[in-house]
Each structure stands twice: as C-alpha cells, then as structure tokens.
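So for the sequence shown, the numbering used here puts the first residue at 31; every next one is plus one.
Every residue gets a Cβ at the ideal spot worked out from N, C-alpha and C, and that includes glycine.
Everything numeric in this text was worked out from a predicted model, so none of it was measured.
Working notes for the structure below.
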Amino acid sequence: MVALPQIHSAGSSSKNSLDDAEKGMCDPTVESLAPPPFVYMGQAKSLLVNTHLSPVSPVHEGITPVTSVPELSLSLPASKSQPLDARTIKTVVKKQPSPKPKISRWILFELWFNAYRRLFTFVTLLNLTGIILAALGRFPYAENHLGALVLGNLLCAILMRNELWMRFLYMVAIHGLRGWAPLPIKLAATSFLQHVGGIHSGCALSGAAWLIFKIVDIIRYRAVQHSAIIASGVITNVLIIISVLSAFPWVRNTYHNAFEKHHRFVGWLGLAIEKTTWVFVTMGNVYDIKTGQWRSDTHAMLSSQELWFAAFMTIFVLTPWVTLREVPVEVEIPSPKVAVIRFERGMQQGLLGRISRTSIMEYHAFGIISQGRKATHHYMICGVQGDFTRKLVANPPRTLWTRELKFAGVGHASAMFKRGIRVCTGTGIGAALSTCIQSPNWFLIWIGSDQERTFGPTITGLITKHIEPDRMILWDSKQRGGRPDTMQLLKDTWTRFGAEVIFITSNMQGNDEMMQGCRAAGLHAFGTLWDF
C-alpha cells in the first residue's frame with residue numbers, strides 16, 4: 031500500500047510496490063454493496079449514478095469535492111445542505127505528471143535521524159560512557175552496583191514496550207497537554223511517545239553490554255567467586271545476547287517467526303533466568319567474596335536495588351499476559367486478500383491489538399476499528415502478507431488469543447490536537463478509521479484499489495455511516511485510473527480543513543514520500559514507524 035505524489039496509470043510498474051490488498055486482488059464472485067460509479071479518464075463523459083451509495087452526489091462516492099485536484103471539474107453547491115447532481119460532473123484529461131520535486135539533503139537527514147535514533151544514540155552513548163569510566167576505575171557506583179546498572183537498563187527497556195505503562199504515558203500527555211499546551215509542545219510529546227522504542231532498544235543493548243562487563247569482571251576474579259555465580263552469569267549472558275541479536279531489524283524483518291521465538295522465549299528465559307538474572311545479580315550481591323560465604327542478612331537483601339529492579343521487571347513482564355484470553359471471533363472474508371475480524375466490546379481510538387491462534391506463539395499486531403467504548407464490537411483488518419494472515423483467510427478461526435489490555439499507537443495521540451488529517455493506503459485503514467469515526471475533527475483520506483470489493487460491506491458501512499461526506503476522500507485508484515497527486519491532496523485538505531497535524535499509515539515507500547513532501551511543505555506529519 032502506497033501513495034505516490036504523481037499519478038500513475040493502472041499498468042504502471044510502480045504498482046509492484048503496492049501490497050496485494052491495495053492492488054484489489056479479490057474474489058470476483060463476492061458481492062459488495064453498491065459499487066461506486068466509474069469515472070472515465072482521458073475523455074469527457076457525463077456520469078449517470080444509480081446506486082444507493084451515490085444517489086446524487088460525488089461525495090457519497092467517497093470523493094470529497096476538491097477543486098484543486100485536476101481529475102475533476104466541478105462547481106461546489108451554494109449550500110452545504112443542497113445536494114450536488116453527480117450527472118453534472120465531468121472528468122477531464124489529465125496533464126502529464128510533473129517530475130518529482132527534489133528533496134533537500136537536510137530534510138532527508140532530519141527524517142533519517144528522527145527521535146527514535148536520537149533517543150537510541152543518547153541512551154547508548156550515556157551507558158557507553160559509564161562502561162568506559164567503570165573500566166578506568168572512575169565510576170565508583172558501577173564498581174559496587176554493576177547488577178543495578180544491568181537490571182535498571184533492562185527494566186527501562188521492558189517499560190517502553192509495556193502496554194500498561196505506555197497507556198499511562200499517553201493518558202498523561204493527552205489530558206495534561208490538550209487544553210493549554212501550544213502546538214510545538216504537543217508535537218514534541220507525540221514524537222517522543224511514537225519513538226520511545228529508541229529507549230527500548232538503547233536500554234536493552236546497554237543492559238546486555240553491562241551484563242557482559244559484569245561477567246568479565248567476575249571471571250577476572252574467579253578465584254574468589256562461587257562457581258554457581260559464574261555459571262549463572264554465563265548462561266544469562268548467552269540468553270540475553272541471543273534475545274538482543276534476534277531483534278536486529280534485518281533478523282526481525284527477514285525471519286519474523288524466528289524473531290518471535292527467540293526474542294520472546296529467550297528473553298523470558300533470560301529474565302526468568304532473571305532466575306538467572308535474579309540468581310546471578312542478587313546472588314552476586316549476597317555472596318561475600320572476602321569470607322567466601324553467603325550473607326543471610328534479610329535487611330541487606332531487601333534494601334538492595336538489584337532485588338527491586340528484578341521484582342519490577344517480573345511484574346511488568348507478566349502484567350499484560352495476565353489479561354490474555356481466548357475470545358470468540360467472527361471472520362468476514364470479503365476478498366481472498368483480506369480478513370475482517372470482529373471482536374466483542376468497543377474500544378477507544380488509536381489502539382492496536384495483538385492476536386494469535388495459540389496462547390504463547392507468534393503474536394501479530396493490527397489496528398483496531400471501533401465506534402467507541404460503548405460500542406458492542408470492534409474490528410481488525412488483516413491483509414494477507416504472511417503465513418499467519420494467509421491462514422486466517424484459508425481457515426478462518428472461531429476463537430483467537432488476545433490480550434485484553436491493548437497498547438496505544440501513535441494515532442492515540444490524535445486526541446491532543448484540535449483538527450487533523452488521517453491519510454492511509456490499503457490495509458492502513460485499520461489503524462486510521464477509528465480516529466475519524468470517533469472524532470468529528472479529523473479528516474480521512476484513504477487511497478486504495480477496488481476498496482469496496484476488497485474490504486467488504488462491513489468496512490464500507492462503518493465509513494459511510496459514521497463519517498460525513500465532506501470529511502473524507504476515498505480514492506479508488508482502480509476506478510479512478512490511477513493514484514492522485516497525494517501531496518497536492520494533502521496541501522489542499524490541510525488548508526481547507528484547517529488541520530494542524532497529519533498522521534500517515536502507509537508502506538515504507540509511500541510513507542517516505544509523504545513524510546518528505548510534508549516536511550518540505552512545512553506540514554506537521556507523523557508517519558508509519560518501523561523499528562530500526
């Protein structure tokens with residue numbers, strides 16, 4: 031799924047970058063609701079509309095009239111309440127797309143060295159400085175509390191991926207800043223919340239580095255160390271290092287299932303080998319190398335930083351899993367490339383949920399669509415892109431495992447802003463739709479191919495029922511004969527709607543092009559994030 035700034039023909043080679051769902055690969059036997067009227071490209075031709083979705087106006091087709099978009103030639107009605115006759119709208123021949131504007135190197139660098147990388151760099155360099163000082167004997171705290179530095183970093187890494195903690199941070203930011211904070215502060219807070227993964231990665235890597243430093247220090251003085259401490263230290267190091275290495279981007283993206291297995295299970299083992307991290311770190315503090323005996327002073331144990339770090343690590347690791355449930359689901363297959371899963375109960379906007387066919391293995395995250403907390407159901411759109419989603423379509427389940435405690439995506443921060451634009455391509459509608467359904471201050475732009483047939487009547491119904499026609503643009507690239515000039519569309523909507531921020535959900539190519547265009551145009555935008 032991608033949205034390029036230029037218009038491409040239906041046979042353009044650039045469509046190879048689109049995911050299958052956006053290509054409109056769907057079962058031709060599946061009935062949709064009334065399909066929108068076809069707009070002929072390259073010739074002037076009147077439209078005669080005879081569907082219940084588009085009885086009189088192009089806005090019911092999902093196309094909000096925007097006079098600056100070159101594909102349509104139309105006159106706006108004198109009154110918003112006055113219907114616009116779709117038969118009066120004519121298409122015009124498109125002009126040759128202009129060459130893509132060149133983006134400055136500074137903008138490219140700013141987007142590359144984003145808040146994620148800045149946070150990662152800061153945390154890593156801070157810890158690296160501490161390790162160097164400790165090695166030189168100029169960091170007394172590290173000499174006496176190496177275990178605390180290990181567990182402190184690992185605890186921070188866990189917190190930055192914990193559903194409960196992140197929901198708390200979002201709640202503080204939204205309710206604390208929404209009413210009074212100027213826009214730059216809101217933008218900075220949103221950027222931090224979106225990129226806290228940089229702290230997660232930096233602290234995890236730093237924790238592993240301190241762990242290696244500690245075991246090297248112990249082995250150097252192995253003559254006075256207990257063999258159990260050395261053994262537990264070596265085992266813990268191996269497991270934590272495997273967990274960290276398995277999370278590197280090329281491993282995670284290329285071998286996703288291997289990442290799930292090693293990073294989660296070895297990470298758990300290395301934490302509950304926190305039964306070795308507990309045993310290794312806590313026992314290391316309890317063992318008196320001067321007397322060669324174990325200290326049995328309960329007060330000393332309870333007052334040690336390492337014990338409490340390890341205790342809170344365990345609590346925050348286990349908390350989300352306490353909410354794990356096997357729940358009934360209904361799966362709608364509107365096309366061979368998309369599964370729409372319905373769950374019980376309503377949800378806030380901007381949340382994501384993890385689902386699996388088993389209680390422990392291979393959890394996958396998808397955006398949640400819901401009308402609000404009081405709704406009876408919420409939905410997930412799963413585009414076929416791997417083994418897990420392919421099996422959802424081939425063999426729809428009746429139950430799925432999920433954590434009832436959902437985690438917040440960057441879209442959850444939309445509640446901080448007065449007005450904004452939610453632009454998405456293809457299956458990205460799953461992460462974007464709730465924001466526009468639950469708030470009248472958000473404008474939806476959805477670019478896809480054969481959307482009604484691909485995504486089915488449920489998604490179409492949610493859009494047409496809950497979003498006013500003048501608050502959305504649904505661009506069907508298959509019926510429109512190509513994709514729009516996305517940046518022109520965003521600029522026009524930004525001005526006309528009075529937006530102060532844009533949230534983007536697209537694939538990497540579409541995200542990069544829209545983020546670059548928005549930065550060059552001075553539009554505040556947050557794109558899809560891939561952990562680096």
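Check this for me: beta carbons of residue i and residue j, under 7 Å apart or not?
i	j	result
Thr-353	Glu-434	yes
Ala-238	Val-274	yes
Val-153	Gly-227	no
Leu-381	Ile-398	yes
Arg-372	Tyr-409	yes
Ile-477	Thr-457	no
Thr-220	Ala-445	no
Gly-383	Thr-432	yes
Arg-230	Ala-187	It is worth fixing the name first, because residue 230 is His in this sequence and not Arg. Result yes, Cβ atoms of His-230 and Ala-187 sit closer than 7 Å.
Ala-164	Ala-172	yes
Val-440	Gln-224	yes
Phe-339	Leu-185	yes
Ile-133	Ala-405	no
Asn-267	Ile-245	yes
Gly-486	Glu-362	yes
Leu-474	Arg-452	yes
Leu-430	Ile-385	yes
Quick check on the DSSP output: the alpha helix (DSSP H) that includes residue i runs from which residue to which?
i	result
Gly-460	459 to 468
Gln-539	538 to 551
Asn-157	145 to 165
Ile-215	213 to 224
Gly-237	227 to 250
Thr-516	516 to 527
Phe-339	335 to 352
His-205	193 to 207
Lys-404	Taken as a continuous stretch (DSSP letters only), Lys-404 belongs to no alpha helix (DSSP H), as it is neither H nor E.
Gly-177	176 to 189
Arg-168	Here Arg-168 belongs to no alpha helix (DSSP H), and DSSP marks it neither H nor E.
Ala-424	417 to 424
Per DSSP, residue i forms a beta bridge with which residues?
i	result
Pro-358	Thr-429
Ala-369	Cys-412
Phe-473	Ile-451
Ser-386	Trp-431
Gly-478	Asp-506
Leu-381	Ala-438
Phe-556	Phe-533
Could you say which of the options lies nearest to residue i if we only look at CA atoms?
i	options	result
Met-343	Ala-253, Arg-372, Asn-192	Asn-192
Trp-142	His-554, Ala-529, Met-545	Met-545
Ile-270	Trp-240, Trp-195, Arg-135	Trp-240
Leu-504	Arg-355, Ala-462, Met-538	Ala-462
Met-377	Lys-216, Gln-224, Ile-215, Ile-467	Ile-467
Pro-514	Ser-479, Asn-267, Gly-528	Ser-479
Cys-548	Tyr-171, Phe-533, Ile-161	Phe-533
Ile-572	Gly-209, Thr-490, Cys-186	Since the displayed the chain opens at 31 and closes at 562, residue 572 lies outside it and no answer follows.
Thr-535	Thr-465, Gly-486, Phe-150, Glu-140	Thr-465
Pro-568	Lys-436, Val-414, Phe-437	This structure gives no information on residue 568, because the portion of the chain shown stretches from 31 to 562.
Pro-499	Ser-134, Trp-472, Leu-520	Trp-472
Ala-424	Lys-495, Val-368, Leu-474, Thr-406	Val-368
Ser-469	Ile-345, Val-370, Gly-402, Trp-351	Gly-402
Lys-508	Arg-501, Gln-518, Ala-529, Gln-481	Gln-481
Leu-181	Gln-335, Ile-265, Glu-360	Gln-335
Arg-449	Ser-365, Arg-501, Leu-189, Gly-263	Arg-501
Thr-484	Pro-364, Asp-417, Phe-396, Gly-557	Pro-364
Val-359	Asp-522, Leu-337, Arg-428	Arg-428
Arg-148	Phe-222, Trp-560, Arg-387, Gln-539	Phe-222
Leu-158	Asp-542, His-407, Ile-242	Ile-242
Thr-388	Glu-356, Asn-174, Leu-235	Glu-356
Lys-130	Met-517, Ile-215, Trp-351	Met-517
Determine the extent of the beta strand (DSSP E) in which residue i is found, giving its start and end residues.
i	result
Ile-503	502 to 506
Ala-395	394 to 400
Phe-533	532 to 535
Quick check on residue i - is its C-beta less than 7 Å from some C-beta in chain B?
i	result
Ala-405	Looking at the structure shown, chain B is missing, and only one protein chain is on hand.
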